[in-house]
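2 protein chains.
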Amino acid sequence: MDKSILDVVHDSAKNLHAAGAMKEVTLREFDALCLPPVKELTAAQIKRIRTQNKASQGVFAVYLNTSKSTVQKWEQGQKKPNGPSLKLLNLVAEKGLEVLA
Amino acid sequence: MDKSILDVVHDSAKNLHAAGAMKEVTLREFDALCLPPVKELTAAQIKRIRTQNKASQGVFAVYLNTSKSTVQKWEQGQKKPNGPSLKLLNLVAEKGLEVLA
DNA sequence: TCCGAGTGTAGCACCAAGTGCTATATATGA
DNA sequence: TCATATATAGCACTTGGTGCTACACTCGGA
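For the protein sequence lines, the chains are A and B, in the order given. Sequential numbering of the first sequence, starting at 920, is according to this note's numbering. Sequential numbering of the second sequence, starting at 920, is according to this note's numbering.
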């Protein structure tokens, strides 16, 4: 997996910053625009993220600081996770449940 | 800061697991119960978490995958972040905005 | 064999969080 | 001076989040 174009540009920006050519704030703004996009997740995908981390619905809920019934509704497709919740799910999907510890 | 009793017990559990005396699932459940409690945050605390990370409300919102107006309401005390949002804020407070990248 | 604990599914009702919009005020910089 | 970015403010709508109860299934232990 080689670097994406955005990664390269980002590295360039970091170098510019290291050379004093970019302000702190500007870099931070830049980072925000280059954040890996939060992917929408289907009910089945959410369930897979959980099971692959060997957690029950209850345990998973504790990790995400939400309720068991909410996790259940996500996996049943009755409700969709909102912004921050989706961010958390993406984090777990990429880095595992341990990042929340 | 020395280890808490729970930490010691947790280490013991991990050793037991390494020795094959505990099942995967059981260990996972145990971990969930020992998660660092998510702290409630005041409006001012949320604002400090953001500013200490040198991010504007807009940028901060992007990181948390939420809306600018939501961040604004948090900091004005008009709304309180719900479970998963609070978890994210705690993560950032402890590990910095970079953990969301 | 039976029982209890853990798990997943289901439905219901409430409400506050989340969202989107517009408008204002204040820097800050080109 | 003008444009941009930022923070604050208010309003109305929608829906995700929560809490509850209940039921079926599995599995290991008494």
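Glycine included, every Cβ here is placed at the ideal spot set by N, Cα and C. Source: prediction; values computed, not measured.
Check, Outcome
"Applying the criterion that 16 or more other CB atoms from any shown protein chain within 10 Å of the CB defines a buried residue, is Lys1006 of chain A buried or exposed?", "buried"
"Nearest CA to the CA of Val981 of chain B: which residue from A:Ile968, A:Val978, A:Pro955, A:Gly996?", "A:Pro955"
"Using a beta-carbon distance cut-off of less than 9 Å, what residues from the segment 974-996 of chain B approach chain A?", "Ala974, Ser975, Gly977, Val978, Phe979, Ala980, Val981, Tyr982, Leu983, Asn984, Thr985, Ser986, Thr989"
"Strictly under 8 Å for the Cβ-Cβ distance: is Gly1015 of chain B near chain A by that measure?", "no"
"So Lys966 of chain A contacts chain B; which residues on that side make the cut at Cβ distance below 9 Å?", "By Cβ distance, chain B contributes nothing, its closest Cβ being about 16 Å from Lys966 of chain A, past 9 Å."
"Expressed to the nearest angstrom, what Euclidean distance is found between the alpha-carbon atoms of Asp963 of chain B and Cys953 of chain B?", "Residue identity differs from the one stated: residue 963 of chain B is Ala in this sequence, not Asp. Straight-line Cα distance between these residues: approximately 28 Å."
"Go to Ser988 of chain A, then tell me how far its alpha helix (DSSP H) extends in each direction, as first and last residue.", "987-995"
"Residues of chain A with CB under 9 Å from Val957 of chain B, in chain order?", "Asn984"
"Does Ala963 of chain A have its Cβ less than 8 Å from a Cβ in chain B?", "no"
"Is Ser988 of chain A buried or exposed, if buried means 16 or more other CB atoms sit within 10 Å of its CB?", "exposed"
"By the criterion of Cβ-Cβ separation under 7 Å, what are the contact partners of Ala1012 of chain B in chain A?", "The contacting residues do not exist; Ala1012 of chain B stays about 13 Å from chain A at best."
"Spatial neighbours of Val927 of chain B within its chain, please: C-beta separation below 8 Å, excluding the five flanking residues on both sides.", "Reliability of the predicted coordinates at Val927 of chain B is poor, the pLDDT of 41 falling under 50, and no value is obtained from them."
"How long is the line joining the alpha carbons of Lys966 of chain B and Leu1016 of chain B, rounded to whole angstroms?", "13 Å"
"Looking only at its chain, what residues have a beta carbon closer than 6 Å to the beta carbon of Lys998 of chain B, apart from the 5 residues adjacent to it on each side?", "Lys992"
"Would Glu960 of chain B count as contacting chain A if we go by Cβ distances under 8 Å?", "Note on residue identity: the sequence assigns Leu, not Glu, to residue 960 of chain B. No, Leu960 of chain B does not count as interfacial toward chain A."
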